[in-house]
């Protein structure tokens with residue numbers, strides 16, 4: 018006889034007994050959104066930004082360039098100077114960060130001016 022059987026366990030089978038409700042008195046209840054005074058609409062929190070973090074973008078570009086150069090070196094017999102590549106990547110990443118910082122500062126100053134008017 019097999020050690021695995023489909024018969025109920027010797028100490029009793031609880032499958033025929035009805036289930037009992039669980040006591041939920043100590044469990045926190047779901048919360049409702051905060052509403053503005055006098056209205057039933059939820060208050061608008063900070064708007065969700067749909068932008069990619071600049072550090073993630075730069076890291077992805079660096080990895081992409083290094084991967085493309087490695088593949089080009091392996092399969093296309095492209096010879097690259099590692100020092101030139103490193104300096105070029107650092108200069109490019111620095112320029113991207115400076116431009117991204119300036120654009121973020123301009124965007125924030127524009128948003129501050131519109132919030133001051135309202």
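In this note's numbering, the protein residues as written are 18 to 135.
Each residue gets a CB set at the ideal place from its N, CA and C atoms; glycine is no exception.
None of these values were measured; they are calculated from a predicted model.
Do you know offhand how far residue 77's Cα is from residue 94's?
As a first step, residue 77 must be located in the chain shown, where it is residue number 60. As a first step, residue 94 must be located in the chain shown, where it is residue number 77. One C-alpha to the other measures close to 24 Å.
Residue 75 - containing alpha helix (DSSP H), residue span:
For the purposes of this step, residue 75 is taken as the residue at position 58 of the chain shown. From DSSP, the alpha helix (DSSP H) with residue 75 extends over 71 to 92.
Does residue 124 come out as helix, strand or coil in the three-state DSSP assignment?
Here residue 124 corresponds to residue number 107 of the chain shown, with the count starting at 1. In the three-state reduction of the DSSP assignment, residue 124 falls in the helix class.
Using only alpha-carbon positions, find the residue among 71, 39, 42, 34 that is nearest to residue 117.
Counting from one through the chain shown, the residue named residue 117 turns up at place 100. It is 71 whose Cα lies nearest to the Cα of residue 117.
Expressed to the nearest angstrom, what Euclidean distance is found between the alpha-carbon atoms of residue 34 and residue 48?
Here residue 34 corresponds to residue number 17 of the chain shown, with the count starting at 1. Here residue 48 corresponds to residue number 31 of the chain shown, with the count starting at 1. Straight across, the Cα-Cα distance linking residue 34 with residue 48 is about 35 Å.
Would residue 110 and residue 79 be called neighbours here (beta carbons separated by less than 8 Å)?
For the purposes of this step, residue 110 is taken as the residue at position 93 of the chain shown. For the purposes of this step, residue 79 is taken as the residue at position 62 of the chain shown. Yes, Cβ-Cβ distance for residue 110 and residue 79 is below 8 Å.
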